[in-house]
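Some notes on the structure that comes next.
4 protein chains.
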Amino acid sequence: MVNKIKAGIIGGAGYTGGETLRLLLSHPNVDVAFVQSRSQAGKPVTTTHSDLIGETDLVYTSDFNQPVDVLFLCLSHGESKKLLSENIFPATTRIIDLGNDFRLGDTTDSREFVYGLPEFQRDKIIAAKNIANPGCFATTIQLGLLPLAKVGLLKEVHTTGITGSTGAGQKLQDATHFTWRANNISAYKTLTHQHLGEINQTLKKLQPDFSETVNFVPWRGDFTRGIFVTSVLDCSLTLEEANKLYKEYYSSHPFTQVVDEMIDLKQVVNTNKCLIHLEKVGSKLAIHSITDNLLKGASGQAVQNMNLMFGFDEREGLRLKSTVF
Amino acid sequence: MVNKIKAGIIGGAGYTGGETLRLLLSHPNVDVAFVQSRSQAGKPVTTTHSDLIGETDLVYTSDFNQPVDVLFLCLSHGESKKLLSENIFPATTRIIDLGNDFRLGDTTDSREFVYGLPEFQRDKIIAAKNIANPGCFATTIQLGLLPLAKVGLLKEVHTTGITGSTGAGQKLQDATHFTWRANNISAYKTLTHQHLGEINQTLKKLQPDFSETVNFVPWRGDFTRGIFVTSVLDCSLTLEEANKLYKEYYSSHPFTQVVDEMIDLKQVVNTNKCLIHLEKVGSKLAIHSITDNLLKGASGQAVQNMNLMFGFDEREGLRLKSTVF
Amino acid sequence: MVNKIKAGIIGGAGYTGGETLRLLLSHPNVDVAFVQSRSQAGKPVTTTHSDLIGETDLVYTSDFNQPVDVLFLCLSHGESKKLLSENIFPATTRIIDLGNDFRLGDTTDSREFVYGLPEFQRDKIIAAKNIANPGCFATTIQLGLLPLAKVGLLKEVHTTGITGSTGAGQKLQDATHFTWRANNISAYKTLTHQHLGEINQTLKKLQPDFSETVNFVPWRGDFTRGIFVTSVLDCSLTLEEANKLYKEYYSSHPFTQVVDEMIDLKQVVNTNKCLIHLEKVGSKLAIHSITDNLLKGASGQAVQNMNLMFGFDEREGLRLKSTVF
Amino acid sequence: MVNKIKAGIIGGAGYTGGETLRLLLSHPNVDVAFVQSRSQAGKPVTTTHSDLIGETDLVYTSDFNQPVDVLFLCLSHGESKKLLSENIFPATTRIIDLGNDFRLGDTTDSREFVYGLPEFQRDKIIAAKNIANPGCFATTIQLGLLPLAKVGLLKEVHTTGITGSTGAGQKLQDATHFTWRANNISAYKTLTHQHLGEINQTLKKLQPDFSETVNFVPWRGDFTRGIFVTSVLDCSLTLEEANKLYKEYYSSHPFTQVVDEMIDLKQVVNTNKCLIHLEKVGSKLAIHSITDNLLKGASGQAVQNMNLMFGFDEREGLRLKSTVF
């Protein structure tokens, strides 16, 4: 018989809260103890996540202080730090923060957070008490660059990434008005995206002499799920050498695959996977990488981190059927 | 040399206001005297209609009392009546109301409104002082039924229509959140849509003994522009007879075409046209009709009505390149 | 330890073949013995189903005559009958045909097929040797009408349904060219859709005196997955009575839910569920029903039928994370 | 009274042929003498361009040898050269080739082609007898770089561009299957796109010492019309200086606008415009540029070139209502 852990979700009514809930509800090692939401307290979780009708009777709570083994913080940026400063959770409760409050080494009085990118530092995650879950663009870009940084071959990088609308969250705003966004493309935060901090932090840990820039141009796409990234840089490796480097680097990481054929976004939508495809033209190496921003870029990676911390199979609860089409 | 009329737009910052402005700016017989907007007064019209950058220097006004020959009211439902009760416009100013305040025969103290569906009563529009411009679903459904009502063959009708997101207006709301609406279909106001009033009013004028129902199921589609309607009813006409009836009815109406091949929505997107296709199966006649909800279903028809009232060619300013794709 | 059955898929390179494979690969009671494809024999299944990269090493076979417990026929219409006339499969091999060859009571020399709509005749499916899996529109429309037919209240029905592009299959054709279909709506097979045969067959079995018509207008939608159907008919039941009837009818059927709030298509996309919502306006009952055409409308229902035939939990392998967004 | 020229279209059944036809039909200075199509000869042009139903009775011809003033070649790449080698057109007939056969300085025995980018060399176009109309990506990228090259400030450029499906033409192919392309992003021809030749040719004419690379990553987008490009390069100019440079460069070019606010693709869809927006971050200048690939990127620019060659207003027939939504 399976010994189950208890999980709580704080901020369960948003997109990442909902995806985390969907994953945990069918995770064989987890009981969802509570799903907290300030705005929805007292209502069934199916009020906001109506696709779960018929699958759960859970009701949003306002109270999150019942003891759990793991706590997922699915809050707006800045709110996790505030929550942990105003509330004391048992030291035995592991915390996985899906926001960006602790990704750059910030700590609270009592808790240190480990940056939760398994392909970068799985061993530290296994031993961690608290996880700062990476950002979605940060995950997709880093997975495209980690092997190069590992061998010290990173140079100035030019990266363009396009993201689905779920990256902008549930709140109504001009940039997610259907009439505006449908069939539209736009740029935002050119070369200044907030994920550059965590990207550079990782890359410099792997390649301490890396002093160049990741020039990142983010675009908004007219789809809901997924991130497609292409990074281009000078590289002395041949295509064969580069593929060998990448395939060896990811050989023990079940969710990240280096693919010989060109990839396209829908291969990973609704999965926890990252696919990578390399091309070499002249002196340039081009690295394409794709993820589902809500799964490998958020809730899926959070559950992956939970699996690692609690000794479950890394893939447990994450063998998801892709939408494909 | 062309003698131009002066036009004013009230409520110019919304979708129908913007479309009316786009059409009038390139209309050879019209000078746009002002575009009023409460929320945007003092700002260039390109602030909200950024596709017009480089095409006009007009600035939104708060003041709409300069004399014009024609005034387009592009307001939320209920606001036109309020505006006309609180302001006096010169009796010589013709008014075209794109809202639904005057479609069912309501009048103000001094103004009577003619229902502005040219294919139903062009002569009355030509002689009118004020126009109640039809609703978008109402236009598309009526154009599918007018010929039958004319010859007294209307019976109980079952109609389903699907509309683009622009039909729901510019305001942020759950039903126009990109993440929700993309790739989604939903129903609303089943059998109770507010356009049924004007539809029945027209049909009963043409066929006074029509006492049956138009059972109308409206759906929300995952596109921005256009309405596709299919109406089904019992009909004793053969397909040939029905096509003959429809083609004769619309022979003098340049924007409504009866087409022998199956139609699809994008044939009319970004145009003022309505295409109709008929099928006969057993005793049932199926009538497919399509329009662009913002043009033939709103601003285009408003300009068509203006053309008729001022003696311009009915098509002036409305020979629009369709998007096709 | 789980005792697994062996499954084979014939016609594995198409959409329903691929979806069946995705479901079986993660089904705890199934080993996929082979996936046959004439066009792809010898190539990895990931050649056509590239989202499965990293999840399976299966290679398409040309040969399908190794013995299996269950055989899924994922062929074009007409090809299943041909296959079974030209090949002999062991009598112990159960066959689930996803095409339309055997839905109307056709048999082969040696095999009888049971119409595989569990909500209609689960007991017969449990005892069946061979299943004719229902069509996608047929499933969605029938689930909206079964309870009424059961109590003899079916009358003439007017139904409109809209389907995603996957319903048209993998073959390149004008109606699935992206440039044409994006943002487009069109009608086809008005009142003559081939699924009307199986729909009427079921309805008359439940309500033998039903001699009226299901007037079905199918539309093509500009999305890939899912079917949204609205049926309207005269009904003497109150809304409360209708909801009671439907909820009781489906109380023991885990995948079909009667929902009090309005439904929208994406609630069921990438799941095996059917959601139903009822409205009553005047004398009319409106029934909205939604499914994923490739799952509850095809491969998901096929696996559900397999579960029933082999005594597995009806939901096994079908607790799928919806895409939601 | 307007003196009209006669125009012929060769290859009228494709996308650019159709767009050219749409533009010419409403051009006040043009009579369409014929529209040739090998595959559709004898059929009405509305057979393939069904949005033109009710607007023209033109029938496709197989014969294109009636004399015209201007001939638009809307053929697949390679076919223009073949056509001109196999047929003799009067020397007085001006030819505008929308393919890529003559963009790199190739000539026929009797004809020299001028590269038809008005913002680069309008004077030469005015004097030209034959035009090689630029490619869609080539147009959008060059318009983002011309002012820098003019003043010798071009350095190595990193460019990403995303294109609508119409860029891939009318032919059915995997990359334009709706089921695949909807909600999908993919890369192709990374750093090797065929438009790089004409881009480099122009840039080197403006800045002869430019020996660096335009590193161009093309992506396929899930929309039908439009191109969004972001180019990034080192630049010593301040943002103010760059904006001044660009605005002065384009001050006399009516279709290209430098905009102070961030731009988005739908601002130009269904128009002949190019909008440009500049940003400066650290030492990097980011240049966003957008066009409609079928208009400014093909047929619209072809008509603009015709206007210039025949002394018409550059904007004649090109004051198009944008779709906006």
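Taken in order, these protein sequences are the chains called V, U, C and W.
Read in order, the letters of the first sequence are residues 1 to 325 in my numbering.
Read in order, the letters of the second sequence are residues 1001 to 1325 in my numbering.
Read in order, the letters of the third sequence are residues 2001 to 2325 in my numbering.
Read in order, the letters of the fourth sequence are residues 3001 to 3325 in my numbering.
Virtual Cβ for every residue (Gly too), placed ideally from N, Cα, C.
Under 7 angstroms, CB to CB, which of the residues in the region 3201–3227 of chain W have a partner in chain U?
Of all residues in the region 3201–3227 of chain W, T3224, R3225 have a Cβ within less than 7 angstroms of some Cβ in chain U.
Which value, in whole angstroms, describes the spacing of the CA atoms of K2266 (chain C) and V2059 (chain C)?
In the third sequence, counting from the first residue as 1, residue 2266 (chain C) sits at position 266. In the third sequence, counting from the first residue as 1, residue 2059 (chain C) sits at position 59. Each residue's CA atom was taken as its position, placing K2266 (chain C) and V2059 (chain C) some 33 angstroms apart.
Can you give me, in chain order, the residues of the region 3255–3278 of chain W that have a beta carbon less than 9 angstroms from any beta carbon in chain C?
Per Cβ criterion, the list is empty.
Please classify S1322 (chain U) as buried or exposed, where buried requires at least 16 other C-beta atoms within 10 Å of its C-beta.
By one-based count along the second sequence, residue 1322 (chain U) stands at place 322. With 16 or more Cβ atoms within 10 Å of its Cβ, S1322 (chain U) is classed as buried.
Status (buried if at least 16 other CB within 10 Å, exposed otherwise) for M2262 (chain C):
For the purposes of this step, residue 2262 (chain C) is taken as the residue at position 262 of the third sequence. If you draw a 10 Å sphere on the C-beta of M2262 (chain C), you find fewer than 16 other C-beta atoms in it, and that means exposed.
Alpha-carbon to alpha-carbon, Q2257 (chain C) and P1134 (chain U):
Position 134 of the second sequence, counted from the first residue, corresponds to residue 1134 (chain U). Position 257 of the third sequence, counted from the first residue, corresponds to residue 2257 (chain C). The straight-line gap from Cα to Cα measures roughly 39 angstroms.
Cutting at 8 angstroms between CB atoms, please list the residues of its own chain near C3235 (chain W), excluding the five before and the five after it.
Here residue 3235 (chain W) refers to the residue found at position 235 of the fourth sequence. Excluding residues within five positions, the ones whose Cβ falls inside 8 angstroms are L3148, L3153, K3155, A3242, K3280, S3283, K3284, L3285.
Apply the 10 Å Cβ neighbour rule to L1239 (chain U) and answer buried if 16 or more other Cβ atoms are within range, or exposed otherwise.
Working through the second sequence from its first residue, we reach residue 1239 (chain U) at position 239. Around the CB of L1239 (chain U), fewer than 16 other CB atoms lie within 10 Å, so the residue is classed as exposed.
In its own chain, which residues sit with a C-beta less than 6 angstroms from the C-beta of L162 (chain V), not counting the 5 before and 5 after it?
In the first sequence, the residue the question calls residue 162 (chain V) occupies position 162. The amino acid at residue 162 (chain V) is misidentified as Leu; the sequence shows Ile. So the qualifying residues of the chain are W219, G221, F228.
Please check if any C-beta of chain W sits within less than 8 angstroms of the C-beta of V232 (chain V).
Residue mapping note: residue 232 (chain V) aligns to position 232 of the first sequence, counting from 1. Yes, V232 (chain V) lies at the interface with chain W (some Cβ there is under 8 angstroms from its Cβ).
If we count the other Cβ atoms within 10 Å of its Cβ and call it buried at 16 or more, is K2296 (chain C) buried or exposed?
Sequence index remark: in the third sequence, residue 2296 (chain C) carries index 296 (1-based). That one is buried.
Counting only Cβ pairs nearer than 7 angstroms, list the residues of chain W close to S2037 (chain C).
Taking the first residue of the third sequence as 1, we reach residue 2037 (chain C) at position 37. Chain W residues near S2037 (chain C): none, gap ~17 angstroms exceeds 7 angstroms.
A187 (chain V) beta carbon less than 8 angstroms from that of H3288 (chain W)
On the fourth sequence, position 288 is the one that residue 3288 (chain W) refers to. On the first sequence, position 187 is the one that residue 187 (chain V) refers to. Taking 8 angstroms as the Cβ cut-off, H3288 (chain W) and A187 (chain V) qualify as a contacting pair.
Straight-line CA distance for T2048 (chain C) to A2013 (chain C)?
As a working mapping, residue 2048 (chain C) is identified with position 48 in the third sequence. As a working mapping, residue 2013 (chain C) is identified with position 13 in the third sequence. The alpha-carbon atoms of T2048 (chain C) and A2013 (chain C) are separated by roughly 6 angstroms.
What residues of chain V sit near R1181 (chain U), judged by a beta carbon separation below 7 angstroms?
Along the second sequence, read from residue 1 onward, the residue named residue 1181 (chain U) stands at position 181. Residues of chain V whose Cβ lies closer than 7 angstroms to the Cβ of R1181 (chain U) are, in chain order, F178.
So within the region 3121–3166 of chain W, which uninterrupted alpha helix (DSSP H) runs reach at least 4 residues, ignoring any that extend past its ends?
Fully enclosed alpha helix (DSSP H) runs of 4 or longer: 3136–3150.
Just to check, is the beta-carbon of G3135 (chain W) closer than 7 angstroms to a non-hydrogen atom of the ligand ADP?
For the ligand ADP, the structure offers nothing, since it holds no ligand at all.
Cβ of I2294 (chain C) within 8 angstroms of any chain W Cβ
Residue 2294 (chain C) sits at position 294 when you count from the first residue of the third sequence. The residue you asked about is not Ile; residue 2294 (chain C) is Leu in the sequence shown. Look at L2294 (chain C): its C-beta is not under 8 angstroms from any C-beta on chain W.
Less than 8 angstroms between the C-beta atoms of I3095 (chain W) and N3130 (chain W), yes or no?
In the fourth sequence, residue 3095 (chain W) corresponds to position 95, counting from 1. In the fourth sequence, residue 3130 (chain W) corresponds to position 130, counting from 1. Yes, Cβ-Cβ distance for I3095 (chain W) and N3130 (chain W) is below 8 angstroms.
For I1010 (chain U), I'd like the list of residues in its chain whose CB is within less than 6 angstroms of its CB, leaving aside the five on either flank, ordered along the chain.
Translated into positions along the second sequence, residue 1010 (chain U) becomes position 10. Within the same chain, Q1036, F1064, L1073 come within 6 angstroms of I1010 (chain U) by CB-CB distance, once the 5 residues on both sides are set aside.
Tell me, please, whether the CB atom of A3187 (chain W) is closer than 8 angstroms to any CB atom in chain V?
Working through the fourth sequence from its first residue, we reach residue 3187 (chain W) at position 187. Yes, contact with chain V.
Whose C-alpha, out of V:V303, V:H277, V:G317, V:A298, is nearest the C-alpha of I2053 (chain C)?
One-based indexing of the third sequence puts residue 2053 (chain C) at position 53. For I2053 (chain C), the nearest C-alpha among the options comes from V:H277.
My output table needs one value for S1050 (chain U): the three-state DSSP class, helix, strand or coil.
In the second sequence, residue 1050 (chain U) corresponds to position 50, counting from 1. Note: S1050 (chain U) maps to helix in three-state DSSP.
Determine the direct distance from the alpha carbon of T2061 (chain C) to that of Y2115 (chain C), and round the result to whole angstroms.
Locating residue 2115 (chain C) in the third sequence gives position 115, counting from the first residue. Locating residue 2061 (chain C) in the third sequence gives position 61, counting from the first residue. Within the model, the alpha-carbon separation for Y2115 (chain C) versus T2061 (chain C) is close to 29 angstroms.
Do D264 (chain V) and N3184 (chain W) have their CB atoms nearer than 8 angstroms?
The residue you call residue 264 (chain V) lines up with position 264 of the first sequence. The residue you call residue 3184 (chain W) lines up with position 184 of the fourth sequence. For the pair D264 (chain V) and N3184 (chain W), the CB atoms are nearer than the 8 angstroms cut-off.
What would DSSP say about I2009 (chain C), mapped onto helix, strand or coil?
Locating residue 2009 (chain C) in the third sequence gives position 9, counting from the first residue. Assigned with DSSP and collapsed to three states, I2009 (chain C) falls in strand.
Quick one: does R94 (chain V) have its CB under 8 angstroms from some CB of chain C?
The count along the first sequence starts at 1 and reaches residue 94 (chain V) at position 94. R94 (chain V) does not count as touching chain C.
Within-8 angstroms CB hit, S3322 (chain W) to chain C
As a first step, residue 3322 (chain W) is located in the fourth sequence; it is residue number 322 there, counting from the start. Nearest CB-CB separation between S3322 (chain W) and chain C: not below the 8 angstroms threshold.
Rounded separation between S3211 (chain W) and K3204 (chain W) - CA only:
Here residue 3211 (chain W) refers to the residue found at position 211 of the fourth sequence. Here residue 3204 (chain W) refers to the residue found at position 204 of the fourth sequence. It is roughly 8 angstroms from the alpha-carbon of S3211 (chain W) to the alpha-carbon of K3204 (chain W).
Residue nearest to N1293 (chain U) in terms of C-alpha spacing, selected from U:D1106, U:K1004, U:A1007, U:T1020
For the purposes of this step, residue 1293 (chain U) is taken as residue 293 along the second sequence, with counting starting at 1. Comparing alpha carbon positions, the residue from U:D1106, U:K1004, U:A1007, U:T1020 closest to N1293 (chain U) is U:T1020.
Within 10 angstroms of the Cβ of R38 (chain V), are there 16 or more other Cβ atoms? Answer buried if so, exposed if not.
Taking the first sequence and counting its residues from 1, one reaches residue 38 (chain V) at position 38. Classification of R38 (chain V): exposed, given that the 10 Å Cβ count is below 16.
Applying the criterion that 16 or more other CB atoms from any shown protein chain within 10 Å of the CB defines a buried residue, is S80 (chain V) buried or exposed?
As a position in the first sequence, residue 80 (chain V) is number 80, starting the count at 1. It is buried - the Cβ of S80 (chain V) has at least 16 other Cβ atoms within 10 Å.
Taking the DSSP output, what are the residues bridged to Q2040 (chain C)?
The residue labelled residue 2040 (chain C) in the question sits at position 40 within the third sequence. None; Q2040 (chain C) has no bridge partner.
Burial state of R2103 (chain C), where buried means 16 or more other Cβ atoms lie within 10 Å:
Mapped onto the third sequence, residue 2103 (chain C) falls at position 103. Buried, because 16 or more other Cβ atoms sit within 10 Å of the Cβ of R2103 (chain C).
Among V:Q142, V:R111, V:T271, V:D51, which residue has its Cα nearest to the Cα of W1180 (chain U)?
Position 180 of the second sequence holds residue 1180 (chain U). Here the closest residue by C-alpha is V:D51.
In terms of residue numbering, what span does the alpha helix (DSSP H) encompassing R1181 (chain U) cover?
Residue mapping note: residue 1181 (chain U) aligns to position 181 of the second sequence, counting from 1. Note, R1181 (chain U): alpha helix (DSSP H), 1178–1181.
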